[in-house]
Ligand SMILES: [Zn+2]
Ligand SMILES: [Zn+2]
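Residue numbers (UniProt numbering): 1 to 258.
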């Protein structure tokens, strides 16, 4: 805490595997409070103790601030940068900037379960690696799992939908590099049987041989060898009903023209 400025989440995350039952934020907070109590009798005489206390106070820890006040040490707030976590750069304090747009995107979707995916910029991951190497930390959790879990909790509370780690209906991908949120929707599988009573239409869409689907004189610019197919007859109304963007048709049993 003398050389590094970490928020409660980022400090706590380094000890995520110690014990159980606390969020990383709670862990970080408890650790900082414990340090402040330990340092209390050393300030203001011990300069190193004052500087650690100072760093923790600047990051917003109330106990550290009170401790400084009681000992009549001034909190130096000259540089605003000093109050921003050097690892996540305040990411965990502003989760709502990702939750709000994600929830509004989800409003138009028909789904029961979701999962969060995140792309964390490599330079942030590298900073965390460096800190772990420097202090030989082996009890940490990845920033990605903390981030996706915390976002997931907030989205669950606001939407009343459940996270599903196996087969989610929607994967919400948050890219921190370019601040984008995309929804990846799971495909809908429909199984059925049909009888085809005429020979003249193929099972699957049959592109024109001459133009390979682009459209030419031979196919009358339709791009198709046959105007209809079982695939198209089935897929088109289903795409319309579901609002889907594309379809794949797997037919079993072939005869006649295809
Ligand atoms: Zn942080
Ligand atoms: Zn053609």
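Where a beta carbon is used, it is the ideal one built from N, C-alpha and C, also for glycine.
Please read these numbers as outputs of a predicted model, since none were measured by experiment.
Report task. Using 7 Å as the cut-off, classify the Cβ of residue 248 as near or not near the heavy atoms of ligand 2, replying yes or no. Result -> No, the beta carbon of residue 248 sits no closer than 7 Å to any heavy atom of ligand 2.
Query raised in the report: Just how far apart, CA to CA, sit residue 234 and residue 213?
Result: 20 Å
Query raised in the report: When you compare only the Cα positions, how much space is there between residue 187 and residue 196?
Result: 26 Å
Requested in this report: Flag residue 218 as yes when its Cβ comes closer than 7 Å to any non-hydrogen atom of ligand 2, and as no otherwise.
Outcome: For residue 218, the Cβ falls inside the 7 Å cut-off from some heavy atom of ligand 2.
Report task. Less than 8 Å between the CB atoms is what I'm expecting for residue 95 and residue 154, so what's the real figure, rounded? Result -> 6 Å
Query - Reference residue 85, options 167, 25, 158, closest by Cα - result: 25
**Report entry** First through last residue of the beta strand (DSSP E) which encompasses residue 175
**Finding:** 170–175
Query raised in the report: At what residue ranges does the region 110–151 contain a whole run of the beta strand (DSSP E), taking only runs of 3 or more?
Result: 113–119
Requested in this report: Report the three-state DSSP secondary structure of residue 265 (helix, strand or coil).
Outcome: Residue 265 cannot be examined here, being either before or after the span of the chain that is shown, 1 to 258.
Report task. Leaving aside the five residues before and after residue 174 along the sequence, list all residues of the same chain whose C-beta is less than 6 Å from its C-beta, in chain order. Result -> 98, 118, 181
Requested in this report: To the nearest angstrom, report how far apart residue 192 and residue 169 are at their CA atoms.
Outcome: 22 Å
Report task. With ligand 1 as the reference, list in chain order each residue whose Cβ lies under 6 Å from any of its heavy atoms. Result -> 6, 7, 9, 10, 85, 87, 88, 92
Query raised in the report: Would DSSP call residue 196 helix, strand or coil?
Result: coil
Requested in this report: Give the secondary structure of residue 44 by DSSP, where H, G and I count as helix, E and B as strand, and everything else as coil.
Outcome: coil
Query - Under the three-state DSSP convention, the category residue 161 falls into - result: coil
Query raised in the report: So residue 262 is in the alpha helix (DSSP H); what residue range does that whole segment cover?
Result: In the structure as shown, the chain begins at 1 and stops at 258. Residue 262 is therefore absent and cannot be evaluated.
Report task. Consult DSSP for residue 101 and reduce its assignment to one of helix, strand or coil. Result -> Residue 101 falls in the helix class under three-state DSSP.
Query raised in the report: Could you give the residue range of the alpha helix (DSSP H) that holds residue 33?
Result: 24–39
Requested in this report: Following the continuous alpha helix (DSSP H) through residue 203, name the residue where it begins and the one where it ends.
Outcome: Run containing residue 203: none; DSSP gives neither H nor E here.
Requested in this report: Say whether the region 56–74 touches the region 128–136, bearing in mind that this needs 3 or more beta-carbon pairs closer than 8 Å, one atom from each stretch.
Outcome: No: the two stretches stay apart, fewer than three of their Cβ pairs being nearer than 8 Å.
Query raised in the report: Grouping DSSP H, G and I as helix and E and B as strand, with all else coil, what is residue 153?
Result: helix
Query raised in the report: Relative to ligand 2, is the shortest distance from any of its heavy atoms to the C-beta of residue 223 smaller than 7 Å?
Result: At least one heavy atom of ligand 2 falls within 7 Å of the beta-carbon of residue 223.
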